[in-house]
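Protein chains: 2
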Amino acid sequence: MTNRIQLYDTTLRDGTQRRGISLSVEDKLQIAQLLDEFGFDYVEGGWPASNPKDTMFFQLAKTRLTHAKLTAFGSTRRRGVFVEDDANLRAILDAQCPVATLFGKSSVFQATQILGLSLQDNLEMVEESIQFLRQHDLEVIFDAEHFFDGCKSDVDYALQVLRAAEAGGAQWIVLCDTNGGSLPHEITEYVELARRAVSVPLGIHAHNDSGLAVANSLAAVIGGATMVQGTINGYGERCGNANLCTIWPNLVYKMNRQAGRELMLKELTRLSRTVAEIANLMPDDSAPFVGDNAFTHKAGVHVGAVRKFPEAYEHVHPESVGQSRRILVSELAGKSNLLYNFHNLDASSETVTELVQTVKKLEARGYQYEDAPSSMKLLVERSLGNVPSYFEVDRFHASVTKDQRMISEATVRIIIGNEHFVEVGEGDGPVNSLDVALRKALSQIYPIIEGLRLKDYKVRVLDGRDGTGALVRVWIRSEFRDETIQTVGVSRNILEASWQALLDSVDYALWVSHTVPAHLGKQSQPL
Amino acid sequence: MTNRIQLYDTTLRDGTQRRGISLSVEDKLQIAQLLDEFGFDYVEGGWPASNPKDTMFFQLAKTRLTHAKLTAFGSTRRRGVFVEDDANLRAILDAQCPVATLFGKSSVFQATQILGLSLQDNLEMVEESIQFLRQHDLEVIFDAEHFFDGCKSDVDYALQVLRAAEAGGAQWIVLCDTNGGSLPHEITEYVELARRAVSVPLGIHAHNDSGLAVANSLAAVIGGATMVQGTINGYGERCGNANLCTIWPNLVYKMNRQAGRELMLKELTRLSRTVAEIANLMPDDSAPFVGDNAFTHKAGVHVGAVRKFPEAYEHVHPESVGQSRRILVSELAGKSNLLYNFHNLDASSETVTELVQTVKKLEARGYQYEDAPSSMKLLVERSLGNVPSYFEVDRFHASVTKDQRMISEATVRIIIGNEHFVEVGEGDGPVNSLDVALRKALSQIYPIIEGLRLKDYKVRVLDGRDGTGALVRVWIRSEFRDETIQTVGVSRNILEASWQALLDSVDYALWVSHTVPAHLGKQSQPL
Numbered sequence: 001m002t003n004r005i006q007l008y009d010t011t012l013r014d015g016t017q018r019r020g021i022s023l024s025v026e027d028k029l030q031i032a033q034l035l036d037e038f039g040f041d042y043v044e045g046g047w048p049a050s051n052p053k054d055t056m057f058f059q060l061a062k063t064r065l066t067h068a069k070l071t072a073f074g075s076t077r078r079r080g081v082f083v084e085d086d087a088n089l090r091a092i093l094d095a096q097c098p099v100a101t102l103f104g105k106s107s108v109f110q111a112t113q114i115l116g117l118s119l120q121d122n123l124e125m126v127e128e129s130i131q132f133l134r135q136h137d138l139e140v141i142f143d144a145e146h147f148f149d150g151c152k153s154d155v156d157y158a159l160q161v162l163r164a165a166e167a168g169g170a171q172w173i174v175l176c177d178t179n180g181g182s183l184p185h186e187i188t189e190y191v192e193l194a195r196r197a198v199s200v201p202l203g204i205h206a207h208n209d210s211g212l213a214v215a216n217s218l219a220a221v222i223g224g225a226t227m228v229q230g231t232i233n234g235y236g237e238r239c240g241n242a243n244l245c246t247i248w249p250n251l252v253y254k255m256n257r258q259a260g261r262e263l264m265l266k267e268l269t270r271l272s273r274t275v276a277e278i279a280n281l282m283p284d285d286s287a288p289f290v291g292d293n294a295f296t297h298k299a300g301v302h303v304g305a306v307r308k309f310p311e312a313y314e315h316v317h318p319e320s321v322g323q324s325r326r327i328l329v330s331e332l333a334g335k336s337n338l339l340y341n342f343h344n345l346d347a348s349s350e351t352v353t354e355l356v357q358t359v360k361k362l363e364a365r366g367y368q369y370e371d372a373p374s375s376m377k378l379l380v381e382r383s384l385g386n387v388p389s390y391f392e393v394d395r396f397h398a399s400v401t402k403d404q405r406m407i408s409e410a411t412v413r414i415i416i417g418n419e420h421f422v423e424v425g426e427g428d429g430p431v432n433s434l435d436v437a438l439r440k441a442l443s444q445i446y447p448i449i450e451g452l453r454l455k456d457y458k459v460r461v462l463d464g465r466d467g468t469g470a471l472v473r474v475w476i477r478s479e480f481r482d483e484t485i486q487t488v489g490v491s492r493n494i495l496e497a498s499w500q501a502l503l504d505s506v507d508y509a510l511w512v513s514h515t516v517p518a519h520l521g522k523q524s525q526p527l
Numbered sequence: 001m002t003n004r005i006q007l008y009d010t011t012l013r014d015g016t017q018r019r020g021i022s023l024s025v026e027d028k029l030q031i032a033q034l035l036d037e038f039g040f041d042y043v044e045g046g047w048p049a050s051n052p053k054d055t056m057f058f059q060l061a062k063t064r065l066t067h068a069k070l071t072a073f074g075s076t077r078r079r080g081v082f083v084e085d086d087a088n089l090r091a092i093l094d095a096q097c098p099v100a101t102l103f104g105k106s107s108v109f110q111a112t113q114i115l116g117l118s119l120q121d122n123l124e125m126v127e128e129s130i131q132f133l134r135q136h137d138l139e140v141i142f143d144a145e146h147f148f149d150g151c152k153s154d155v156d157y158a159l160q161v162l163r164a165a166e167a168g169g170a171q172w173i174v175l176c177d178t179n180g181g182s183l184p185h186e187i188t189e190y191v192e193l194a195r196r197a198v199s200v201p202l203g204i205h206a207h208n209d210s211g212l213a214v215a216n217s218l219a220a221v222i223g224g225a226t227m228v229q230g231t232i233n234g235y236g237e238r239c240g241n242a243n244l245c246t247i248w249p250n251l252v253y254k255m256n257r258q259a260g261r262e263l264m265l266k267e268l269t270r271l272s273r274t275v276a277e278i279a280n281l282m283p284d285d286s287a288p289f290v291g292d293n294a295f296t297h298k299a300g301v302h303v304g305a306v307r308k309f310p311e312a313y314e315h316v317h318p319e320s321v322g323q324s325r326r327i328l329v330s331e332l333a334g335k336s337n338l339l340y341n342f343h344n345l346d347a348s349s350e351t352v353t354e355l356v357q358t359v360k361k362l363e364a365r366g367y368q369y370e371d372a373p374s375s376m377k378l379l380v381e382r383s384l385g386n387v388p389s390y391f392e393v394d395r396f397h398a399s400v401t402k403d404q405r406m407i408s409e410a411t412v413r414i415i416i417g418n419e420h421f422v423e424v425g426e427g428d429g430p431v432n433s434l435d436v437a438l439r440k441a442l443s444q445i446y447p448i449i450e451g452l453r454l455k456d457y458k459v460r461v462l463d464g465r466d467g468t469g470a471l472v473r474v475w476i477r478s479e480f481r482d483e484t485i486q487t488v489g490v491s492r493n494i495l496e497a498s499w500q501a502l503l504d505s506v507d508y509a510l511w512v513s514h515t516v517p518a519h520l521g522k523q524s525q526p527l
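Residue numbers (full-length UniProt numbering), protein chains in the order written: chain A, 1 to 527; chain B, 1 to 527.
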């Protein structure tokens with residue numbers, strides 16, 4: 001029995017059935033190339049009969065993949081239609097992929113009640129459709145929909161459907177837990193049954209409605225399946241598909257299987273985050289292996305242990321999946337957490353104790369330093385007296401007027417030593433305008449600020465219970481030279497919260513570049 | 001063998017180790033009462049030696065729970081200290097709970113390397129600590145930390161630790177997969193081993209680092225465990241604890257076990273959402289059973305099937321966990337989706353086809369109607385010519401000035417028939433001020449608007465790649481009489497996006513109350 005498990009990705013088809021996802025052709029191409037780079041074996045690119053956008057994708061993707069086999073998805077022929085005349089199958093041929101995945105019902109209830117077929121009809125549709133595509137030299141994978149439910153109510157028929165697929169020439173038969181309701185031991189049992197019924201290699205396609213998609217996929221592998229279908233980050237309809245970012249490292253690191261391009265496993269986190277960014281979805285911070293929290297330790301007692309022996313609370317090395325260990329400074333923390341992150345603190349000093357208290361108080365007011373290490377750094381360094389005052393904010397004003405057009409404008413007045421600077425900025429909105437005005441004012445004295453670029457901006461309303469008067473937390477990510485700066489601001493006023501985060505990013509850039517404050521009389525050149 | 005599984009909740013202790021959670025004493029009391037209402041058997045209230053805040057919680061909670069047993073968490077005595085003198089154990093006694101949960105190492109590596117103990121020391125600490133608390137008439141649960149890793153490296157010692165706990169009088173022994181790295185079949189195997197080693201009933205405490213916490217908990221039950229420890233919504237350190245909102249319905253609906261107050265299972269979704277709200281965390285929309293997407297169907301082919309037979313793609317009835325089925329209108333949808341939601345549409349008309357196109361276009365521009373059914377309704381009803389124009393917006397202006405103080409102000413000018421109304425509003429921030437000004441202006445002509453209350457406000461930056469110039473989507477939830485109104489607005493300008501959502505909420509309230517537009521000459525009383 002082979003040790004290698006085929007990884008079959010359906011992010012571009014099943015994954016897009018997740019609420020809130022909408023991928024352009026270019027998005028799909030980027031993701032397909034990424035999957036190819038990571039050694040995925042099959043990339044299900046779309047459902048040509050259902051989505052005409054996919055035809056263009058298939059054309060363009062053809063020349064871009066060097067390893068992964070592009071796959072077109074579709075249904076078996078319709079009842080009463082000849083295979084040659086069936087639009088579904090025609091669309092698959094037109095996609096000109098090397099591989100086709102056909103889905104068909106493997107449950108009595110689904111075939112008869114949902115599709116209104118006779119049991120014999122269904123078997124013929126399955127066999128003929130597969131045979132037709134095989135005659136056109138496609139590799140054919142058969143997705144046996146509702147297989148596990150089918151087994152539970154009428155196992156003989158479910159197995160008959162598999163045999164029909166085998167007779168049609170399918171090279172893979174994938175057993176689908178389509179409504180996501182099965183348990184792992186049931187999966188193993190029925191996969192073993194299927195192995196005795198057909199000689200074709202088997203795959204598993206699980207859904208997460210019971211929180212068991214990963215477990216069910218691994219249980220199928222234990223039962224003898226050698227292909228796992230899933231999506232990056234578990235995207236999919238309802239509660240999602242089986243998460244390949246969880247399954248892949250489990251297969252390789254825990255179950256001694258081979259899968260994908262294993263050298264790339266140590267960049268798994270990059271794969272997960274990049275796909276999330278392309279799909280414009282927030283990453284799941286608690287995701288196994290790749291989530292921001294996966295190797296983040298908070299409780300004091302864990303932190304103490306982890307400093308001595310990382311494996312104390314980690315099941316795999318963070319680096320093996322492209323992460324590194326993080327220790328949070330938070331209210332559950334003690335000095336351990338601060339000391340882990342800031343090596344210039346004197347463990348025995350009062351300053352450290354006060355700092356822990358200060359952080360706890362600020363966090364209670366809504367500040368979150370876990371995501372804003374630059375603001376945290378400023379807080380610590382200011383407490384040690386290491387951060388000078390670079391400028392004073394005298395006033396700011398931001399406004400939005402909608403009359404015929406929408407106009408956003410902001411003015412900022414800052415004081416540096418004896419001089420003051422007033423500047424106006426225009427922008428897409430009030431925050432953008434403030435940002436523009438601030439930079440205009442500052443870069444006259446601190447030209448280095450022109451190298452500070454705002455990259456990402458997030459707003460979170462903290463306690464929605466007060467409607468539009470709620471506390472708001474703004475997070476900003478900037479790039480400055482080669483460094484990423486992340487800062488935070490909190491207020492009931494979204495402009496003020498944004499302003500705090502902007503000021504921290506500017507202060508940090510000036511501080512980290514050792515800029516001398518202009519009002520100290522020297523030319524403000526960075527050292 | 002009993003059919004009943006004890007549900008042990010540690011949301012208030014292990015759950016708080018999740019990044020981003022910080023619960024006040026009042027928050028903890030609310031959650032504890034909720035757990036009590038749902039029939040949870042044990043509520044681990046805190047860790048008194050580690051968190052002084054917990055002492056107050058234990059005092060106040062004592063009188064409020066009618067079913068659940070309040071539990072204090074803590075470690076076995078320290079090395080070289082007598083039990084009577086140990087501060088940990090003293091803190092547990094002072095909490096005056098009926099139950100104590102003590103954790104101790106059950107792995108050679110953990111005991112010797114992390115804690116620096118001799119193997120014999122560790123056994124004595126376990127036995128003596130438990131015995132001490134039993135002598136004080138507490139029910140004692142022993143959490144065997146790192147049990148599964150311990151078994152993998154030195155199974156004899158791991159079992160010795162369990163026997164020491166049994167000798168000390170522990171009434172429950174909970175096997176912990178502390179670093180979350182075990183697989184389900186390993187869990188079942190070692191639980192069965194433990195059952196042969198001790199006579200004390202066993203529990204399971206799983207972590208989700210491999211995406212298997214739920215599966216591991218169920219595997220332990222299959223192996224004979226009769227207690228499951230976990231948290232609501234799977235909150236916890238790193239990738240979280242075992243999610244009791246997933247485990248409980250699986251146990252009752254799939255595994256024929258009894259657990260909790262089963263009548264309350266059909267309000268499970270309320271439990272999950274309320275705890276998320278108290279913890280001030282966004283709910284996980286894709287969570288099994290309780291997530292907003294769990295019974296939400298998007299793809300056209302699923303929708304068609306589900307309209308005929310709901311069980312086609314649902315593994316349990318949505319009502320059995322406090323949900324109802326939802327069909328999304330989205331770009332993957334066809335007419336089926338619109339027709340499911342809007343019964344006054346004529347399936348054959350051009351209007352429906354155009355509407356589907358319009359929705360797809362708007363969604364491509366960032367609008368999300370899945371969360372904003374009131375905006376969707378307005379869109380549909382406007383296309384049918386059913387929504388009159390209640391007022392015209394001539395101008396608005398919003399500004400924020402920070403000088404000595406922070407001042408937010410907005411002016412709104414609206415036209416109704418021949419009259420115009422200009423009003424100014426002050427507020428915590430620009431959006432709040434706009435909201436105040438708008439209501440001031442409108443309620444002079446439409447007094448019914450005073451019954452419209454803004455309840456929740458969310459902002460999402462859609463494509464962070466453009467920094468502060470990014471597209472922003474604002475969602476607003478309002479209450480109007482007994483109805484919940486949810487509306488959306490999208491723009492690069494956050495004030496304009498908020499304004500759109502506010503206007504939709506006002507239009508919806510006026511339309512749903514059959515208000516006659518004032519400029520039609522009649523008194524604008526609702527029918």
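Just so it is clear, CB atoms sit at the ideal spot from N, CA and C, and this is done for glycine as well.
Buried or exposed, going by whether 16 or more other CB atoms sit within 10 Å of the CB of L332 of chain A?
At L332 of chain A, the pLDDT of 49 sits below 50, so the modelled position is not reliable; the number obtained from the coordinates is stated separately. Buried.
Sequence-distant residues of the same chain with beta carbon closer than 6 Å to Y390 of chain A, five excluded per side:
L510, P517
For A140 of chain B and chain A, any beta-carbon pair shorter than 9 Å?
Here residue 140 of chain B turns out to be Val, not Ala, going by the sequence shown. Not closer than 9 Å to any Cβ of chain A, the Cβ of V140 of chain B fails to qualify, so no.
Please classify K105 of chain B as buried or exposed, where buried requires at least 16 other C-beta atoms within 10 Å of its C-beta.
buried
Taking the runs of the alpha helix (DSSP H) that are 4 residues or longer, which of them lie wholly in the region 164–209 of chain B?
184–197
So with CB distances below 9 Å, who are the chain A contacts of S129 of chain B?
Neighbours of S129 of chain B on chain A: none; closest Cβ ~16 Å, over 9 Å.
For the pair the region 89–104 of chain A and the region 39–55 of chain A, tell me if three or more CB-CB distances fall below 8 Å.
yes
Between the region 21–38 of chain B and chain A, which residues of the former have CB atoms less than 9 Å from a CB of the latter, in chain order?
S22, S24
Is A242 of chain A closer than 9 Å to V228 of chain A when the C-beta atoms are compared?
yes
Residues of chain B with CB under 9 Å from K287 of chain A, in chain order?
Sequence check: residue 287 of chain A is Ala here, not Lys. By Cβ distance, chain B contributes G211, C239.
With a 10 Å radius around its C-beta and 16 neighbouring C-beta atoms as the bar for buried, classify R481 of chain A as buried or exposed.
exposed
Indicate whether at least one CB of chain A lies closer than 9 Å to the CB of F309 of chain B.
yes
By Cβ distance below 7 Å, which residues in the same chain neighbour G322 of chain B in space, the five residues on each side in sequence not counted?
K266, E267, L268, T269, R270
Would you kindly work out how many angstroms separate the C-alpha atoms of Y42 of chain A and I476 of chain B, rounded to a whole number?
42 Å
Less than 9 Å between CB atoms is the rule here; does M406 of chain A satisfy it with respect to chain B?
yes
Measure from the C-beta of H185 of chain A to each C-beta in chain B and report whether the shortest distance is under 9 Å.
yes
Count the other CB atoms within 10 Å of the CB of G223 of chain B; is the residue buried (16 or more) or exposed (fewer)?
buried
What is the C-beta distance between E426 of chain B and E409 of chain B, in whole angstroms, given that I count them as a contact (C-beta under 8 Å)?
6 Å
Name the DSSP beta bridge partners of F421 of chain A, please?
A:I414
In terms of alpha-carbon separation, which member of B:Q120, B:M376, B:Q171, B:A87 lies closest to V140 of chain B?
B:Q171
contact_flag[the region 111–131 of chain B, the region 173–180 of chain B] where n(CB pairs < 8 Å) is 3 or more
no
Closest by CA to F147 of chain A, which one among A:L162, A:R134, A:H136, A:L138?
A:L162
Please name the residue in B:I445, B:A294, B:L12 whose C-alpha comes closest to that of F57 of chain B.
B:L12
Could you tell me if Q525 of chain A is buried or exposed, where buried requires 16 or more neighbouring beta carbons within 10 angstroms of its beta carbon?
Its pLDDT being 46, under 50, Q525 of chain A is placed unreliably in this model, and the coordinates cannot settle the point.
So, for D371 of chain B: in the same chain, excluding its five sequence neighbours on each side, which residues have a beta-carbon less than 8 Å away from its beta-carbon?
W475, Q486, V488
Could you give the uninterrupted runs of the alpha helix (DSSP H) lying entirely in the region 368–413 of chain B, keeping only those of 4 residues or more?
373–383
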